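K.L.:
At position 254 of the sequence shown the residue is numbered 1252 (my numbering), and the sequence of numbers has no breaks.
Beta carbons are placed, not taken as given, at the ideal position from N, Cα and C, and that holds for glycine.
Only a predicted model underlies this, so the values are computations on that prediction, with no experimental measurement involved.
Right, I'll just put the structure down here and ask away after.
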Amino acid sequence: MAAVPALARRIVSSGVLPLCRRLPAWGRAIRQPPSFPLAPCRAFSNNKIQVEMNESSGVATMKFKSPPVNSLSLDFLTEFCISLEKLENDRACRGVVITSAIPKIFSSGLDITEMCGKSTEHYAEFWRAVQEIWLRLYSSNMVTLAVINGSSPAGGCLIALSCDYRIMAENPKYTIGLNEAQLGIVAPFWFKDTFVSVVGQRVAERSLQLGSLYPAPEALKFGIVDELVPEEKLQEKAAAVMAQWLALPDHARQITKSMMRKTVLDRLVAHREEDIKNFISFVSKESIQKSLRMYMEMLKKKKS
């Protein structure tokens, strides 16, 4: 029998069943509103993710709290996955607001240190975790609302794009986009598919080739985000948007979401192992490792 992947061991040890052992959300039975009294929901947190549940509204708020920039490390991705699974399994939870507890940053994207100077086994584990969080978030039965209260490049942008709705702080200093090309990295097909589904073929093609990061006003213009609001009104606006989405019957919204996203989800599910092999092959190239090392050195100089 093949060894259990490290990510699966991490999640199983938490008491949460991983996605690879379940039908994905878009293949499961649609959750119906319960007809019995609900047990009280409790807030929970771990090292990098803080979750607060509002029992009266059925809405959870998930805050990234991994300073300095909420980079998507293997540990962060694992905790994110566990938190989403807990909420998905909670029948009282109908929606989740995803935001940041770190000022001026939503998420800086994938942790470069996870992709530089490591073993092929580590690259495989890391990339499987990236796939896992996207599959879980993109297929979630919950209403998912990204409240982008800071810059959100690369993988941070992917998280936002995977949500049902995106509200960004009205601050031109905050940027968002899939800027992998600037680092000499190619965004994988499912990043591209998610982007295209939000902004259309032409905007996605130009943005991906140039590795563009858009200030908040341009992000709204190109449809990367749905609304801009003053930063002090983000929470108020998020509550109003979530109430609008939750006013619909869950089953109608969930089935519609499943129809719209199924093709994109199925494509990664069908090519998941191939995608991991391609990532390992690409990131292991000396030219890519050199680019990543140069980028890390640049970041060190900026900090100093």
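Quick test of your reading: S1149 and N1177, contact by CB under 8 Å. State the CB separation rounded to the nearest angstrom.
P.N.:
With a Cβ gap of about 11 Å, S1149 and N1177 do not count as contacting.
K.L.:
Given this structure, state the Cα-to-Cα distance separating E1130 from P1151, to the nearest angstrom.
P.N.:
Roughly 19 Å between the two C-alpha positions.
K.L.:
Do F1220 and L1206 come within 8 Å of each other at the CB atom, strictly closer than that value?
P.N.:
Not closer than 8 Å, so no.
K.L.:
How is N1044 classed by DSSP in three states: helix, strand or coil?
P.N.:
Coil.
K.L.:
Please classify L1159: does DSSP put it in a helix, a strand, or coil?
P.N.:
Reduced to three states, the DSSP call for L1159 is helix.
K.L.:
In the structure shown, what three-state DSSP assignment does E1053 receive?
P.N.:
Three-state result, E1053: coil.
K.L.:
Determine the contact status of S1069 and G1107, defining contact as a CB-CB distance below 8 Å.
P.N.:
Contact flag set, yes.
K.L.:
In whole angstroms, what is the alpha-carbon distance linking M1240 and S1081?
P.N.:
About 19 Å.
K.L.:
Using the three-state DSSP reduction, which class does R1251 fall into: helix, strand or coil?
P.N.:
R1251 falls in the helix class under three-state DSSP.
K.L.:
Check whether the Cβ atoms of F1104 and N1147 lie closer than 8 Å to each other.
P.N.:
Yes, the pair counts as a contact, with Cβ atoms nearer than the cut-off.
K.L.:
Does the separation of the CB atoms of I1274 and R1126 fall below 8 Å?
P.N.:
Closer than 8 Å, so yes.
K.L.:
So, helix, strand or coil for K1298, using DSSP?
P.N.:
Of the three classes helix, strand and coil, the one that applies to K1298 here is helix, per DSSP.
K.L.:
Contact defined as beta carbons within less than 8 Å: I believe A1058 pairs with L1085. What is the distance between those atoms, to the nearest angstrom?
P.N.:
So it is a contact: roughly 5 Å between Cβ atoms.
K.L.:
If we require 3 or more residues per run, which beta strand (DSSP E) segments fall completely within the stretch 1083-1121?
P.N.:
Entirely contained in the stretch 1083-1121, the beta strand (DSSP E) runs reaching 3 residues are, in chain order, 1093-1098.
K.L.:
Among R1089, K1116, A1144, which one has its Cα closest to the Cα of Q1287?
P.N.:
Nearest C-alpha to Q1287: K1116.
K.L.:
Quick check on E1178: does DSSP put it in helix, strand or coil?
P.N.:
E1178: helix per DSSP, three-state reduction.
K.L.:
Could you name the residues of the same chain whose beta carbon sits closer than 6 Å to that of V1145, not counting the 5 residues immediately before and after it, in chain order?
P.N.:
So the list reads V1095, T1097, I1165, L1232, A1236, once near-sequence residues are dropped.
K.L.:
Mapping DSSP to helix, strand and coil, what is I1222?
P.N.:
Correct three-state label for I1222: coil.
K.L.:
To the nearest angstrom, how far is it from the Cα of L1159 to the Cα of V1196?
P.N.:
Approximately 7 Å, taken between the alpha carbons.
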